[in-house]
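Asks:
Residue numbers (my numbering): 70 to 598.
Written out as structure tokens, the structure reads:
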């Protein structure tokens with residue numbers, strides 16, 4: 070026993086004097102993440118170190134995933150409330166029909182957001198889902214499926230992708246393409262359908278009205294005055310344009326059986342001479358009445374007077390404008406020619422004679438040529454003037470005191486161009502012994518008798534050719550209209566004011582005086598428009 074203890078002591082002493090050197094030894098290798106082998110300390114290894122595929126960069130299973138220890142494959146855990154991997158939703162459940170299917174994909178007709186996913190149906194996508202009662206693929210109301218995908222009153226909807234909605238005929242609700250429904254006539258009546266009396270009803274298809282009990286209507290061939298009808302088709306009874314106060318023409322009958330006066334004639338111009346008058350009708354016929362001692366009514370004969378209007382038949386329906394002198398008449402025809410008749414002592418008919426005529430004769434510019442291209446005529450005591458489409462002025466007849474404006478005092482039996490008036494004139498107007506024109510630039514020029522300043526140049530000197538009127542203040546305004554009286558003249562300015570000049574013995578200038586004016590004076594109270 071003692072020997073054994075001695076030996077043990079010697080051994081322990083020897084061991085204490087020695088130390089173990091392990092510096093040359095290698096440590097055993099740890100687990101290698103990403104090598105596709107599940108090693109100690111790893112819960113997964115999918116042969117990669119990229120996160121987001123179920124197995125993290127340190128080979129631990131990511132939240133929301135499950136990795137198989139044998140196959141090392143990782144898959145999302147559907148139903149855990151986390152949306153990972155191929156999942157498009159995860160509502161913490163795996164029951165279908167709530168928007169998120171059992172494989173964690175969004176079901177048709179739904180939209181899902183957040184974690185865990187909240188899902189709701191999409192109204193208007195044409196897919197009827199969960200609590201939607203219909204879905205017709207739009208959000209348009211009044212088509213059966215409302216904007217909240219509920220069935221609108223009066224409709225029924227069938228089908229799911231998309232819903233087809235139709236009006237329910239027979240429920241007394243007028244919806245969709247229904248015109249009526251049962252006793253609900255939707256405001257329709259025999260009267261709204263063009264009848265005068267009766268009772269209307271709804272047919273069984275809800276899209277047609279039963280008019281069998283309606284009666285009496287415009288178009289039934291009977292003029293029914295008790296319902297305000299004036300005509301039926303071509304039947305006007307005793308009604309005519311004349312009885313309605315028009316000078317002539319043909320009545321029409323509109324779709325409410327009221328007389329249409331569109332084609333009735335109207336009077337569009339009237340002109341006065343010394344003792345006769347003429348009126349132009351919208352059908353371009355001319356009618357005259359009054360004194361006819363010189364043939365100024367154009368009837369082919371002279372007579373003392375004509376107390377009712379008579380047509381100047383020689384001109385037909387071709388007259389576009391008229392003017393009357395003291396004892397003669399002139400008219401423009403649709404072809405631009407000018408025709409005159411009546412007294413011709415001074416050549417005022419313009420046909421190269423001094424012979425009066427009771428029928429229209431054509432105005433000439435010389436023995437062989439006629440005056441053409443005329444748009445307007447004007448006449449007074451014994452002279453006439455015309456305006457052409459080119460803006461030129463021609464005058465003929467008495468040239469006493471230079472009223473023809475050709476620079477002479479010679480009477481002219483044919484149309485003669487006024488000096489300086491070859492173009493640019495917008496209107497011509499004749500007084501008893503003077504003539505004025507309004508140019509297209511707003512200036513006024515006058516010539517002829519100037520006893521009282523009616524030429525407007527600030528003098529009383531007669532003018533054989535045109536002079537521009539002198540305005541009392543500068544700058545002179547633009548003129549928009551002009552008219553000559555016997556011995557005075559009036560104009561309208563662009564500002565709407567009325568100004569007159571010439572004889573004023575009776576206050577005809579309207580300036581609250583009886584003093585003649587050789588330049589324009591404002592009409593009191595009419596200085597501006």
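Don't be surprised by glycine CBs; every beta carbon is placed ideally from N, CA and C.
Residue ranges of each beta strand (DSSP E) run of no fewer than 3 residues wholly in the stretch 162-245, ordered along the chain?
Replies: List check, beta strand (DSSP E) in window: 179-182, 187-190, 224-227 and 233-236.
Asks: Sort out for me which residues DSSP pairs residue 253 with in a bridge.
Replies: According to DSSP, residue 253 bridges with 250.
Asks: If you reduce the DSSP assignment to three classes, tell me which class residue 585 lands in.
Replies: Reduced to three states, the DSSP call for residue 585 is coil.
Asks: Helix, strand or coil for residue 296? Go by DSSP, reduced to three states.
Replies: Residue state, collapsed to three classes: helix.
Asks: Which term fits residue 583, buried or exposed, when burial requires 16 or more other beta carbons within 10 angstroms of its beta carbon?
Replies: When all chains shown are included, residue 583 counts as exposed.
Asks: Taking the CB atoms as reference points, tell me whether residue 303 and residue 313 lie closer together than 8 Å.
Replies: Cβ distance not < 8 Å, so residue 303 and residue 313 don't count as in contact.
Asks: Do you know offhand how far residue 368's Cα is from residue 347's?
Replies: Between residue 368 and residue 347, the C-alpha separation is close to 13 Å.
Asks: Can the beta-carbon of residue 283 be found less than 8 Å from the beta-carbon of residue 259?
Replies: The answer is yes: Cβ separation under 8 Å.
Asks: Which parts of the stretch 94-154 are runs of the beta strand (DSSP E), unbroken and 3 residues or longer, counting only runs that do not cross its ends?
Replies: Listed in chain order, they are 134-136 and 143-145.
Asks: Counting C-beta neighbours from all protein chains within 10 Å, is the total for residue 277 16 or more, i.e. buried, or is it exposed?
Replies: Under this definition residue 277 is an exposed residue.
Asks: What beta strand (DSSP E) runs, 3 residues minimum, are completely inside the stretch 328-365?
Replies: Listed in chain order, the complete beta strand (DSSP E) runs (minimum 3 residues) inside the stretch 328-365 are 336-341, 345-350 and 355-361.
Asks: According to DSSP, residue 507 sits in a beta bridge with which residue or residues?
Replies: Answer is 496 and 513, bridged to residue 507.
Asks: Since residue 572 and residue 500 should fall inside the 8 Å C-beta cutoff, what is the C-beta to C-beta distance between them, to a whole number of angstroms?
Replies: With a Cβ gap of about 10 Å, residue 572 and residue 500 do not count as contacting.
Asks: Taking the alpha-carbon of residue 155 as reference, which of 170, 141 and 165 has the nearest alpha-carbon?
Replies: The candidate whose alpha carbon is nearest that of residue 155 is 170.
Asks: Between which two residues does the beta strand (DSSP E) carrying residue 533 extend?
Replies: Its beta strand (DSSP E) spans residues 532-537.
Asks: Contact between the stretch 504-523 and the stretch 463-476 is defined here as three or more beta-carbon pairs at a separation below 8 Å; is this criterion met?
Replies: Touching, yes.
Asks: So the beta strand (DSSP E) residue 395 belongs to, where does it begin and stop?
Replies: Neither: residue 395 is in no beta strand (DSSP E) and is coded neither H nor E.
Asks: What do you reckon, are the CB atoms on residue 444 and residue 457 nearer than 8 Å?
Replies: Yes, they are a contact pair.
Asks: Using CA coordinates, which residue listed in 566, 529 and 436 is at the minimum distance from residue 546?
Replies: Measuring from the Cα of residue 546, the nearest candidate turns out to be 566.
Asks: Give the straight-line distance between the Cα atoms of residue 590 and residue 575, rounded to the nearest whole angstrom.
Replies: Those two C-alpha atoms are separated by around 15 Å.
Asks: Rounded to whole angstroms, what is the Cα-Cα separation between residue 393 and residue 266?
Replies: Looking at the two C-alpha atoms, the distance is approximately 57 Å.
Asks: Buried or exposed: which applies to residue 587, given that a residue is buried once 16 or more other Cβ atoms fall within 10 Å of its Cβ?
Replies: That one is buried.
Asks: Does the stretch 322-339 come close enough to the stretch 379-386 to have 3 or more Cβ pairs within less than 8 Å?
Replies: At 8 Å Cβ cutoff, the stretches do not touch.
Asks: DSSP three-state label for residue 471, please.
Replies: Three-state result, residue 471: helix.
Asks: Short of 7 Å in beta carbon distance, which residues of its chain neighbour residue 82, apart from the five on each side in sequence? Order them along the chain.
Replies: Since pLDDT at residue 82 reaches only 45, below the 50 mark, its modelled position is unreliable, and no value is offered.
Asks: Going by DSSP in three states, residue 545 sits in which element: helix, strand or coil?
Replies: Correct three-state label for residue 545: coil.
Asks: Determine contact between the stretch 524-535 and the stretch 414-421, defined as no fewer than three beta-carbon pairs at a distance below 8 Å.
Replies: The stretch 524-535, when compared against the stretch 414-421, does not touch it at the 8 Å Cβ threshold.
Asks: Within 8 Å, do at least three Cβ pairs link the stretch 421-431 to the stretch 468-478?
Replies: The answer is no - the stretch 421-431 does not touch the stretch 468-478, with fewer than three Cβ pairs under 8 Å.
Asks: Against chain C, does residue 365 count as a neighbour if the rule is that its beta carbon must be under 8 Å from one of theirs?
Replies: Any reference to chain C falls outside this structure, which holds one protein chain only.
Asks: Excluding the 5 residues flanking residue 192 on each side, which residues of the same chain have their C-beta closer than 8 Å to its C-beta?
Replies: These residues qualify, in order along the chain: 201, 204, 208, 216, 217 and 218.
Asks: Do you know whose CA, among 449, 497 and 435, lies nearest residue 460's CA?
Replies: Comparing Cα-Cα distances from residue 460 to each of 449, 497 and 435, the minimum goes to 497.
Asks: Skipping 5 residues on each side, what residues in its chain have a beta carbon closer than 7 Å to that of residue 299?
Replies: Result list for residue 299: 308, 326, 327 and 328, in chain order.
Asks: Is the beta carbon of residue 133 sitting closer than 8 Å to the one on residue 114?
Replies: Not in contact: residue 133 and residue 114 (Cβ atoms no closer than 8 Å).
Asks: Counting C-beta neighbours from all protein chains within 10 Å, is the total for residue 509 16 or more, i.e. buried, or is it exposed?
Replies: It counts as exposed.
Asks: Let me confirm a value: residue 581 is counted as buried when at least 16 other C-beta atoms fall within 10 Å, else exposed. Which label applies?
Replies: Classification of residue 581: exposed, given that the 10 Å Cβ count is below 16.
Asks: Thinking just about the alpha-carbon of each residue, which of 269, 189 and 438 is nearest to the one in residue 158?
Replies: Minimum Cα distance to residue 158 is reached at 189.
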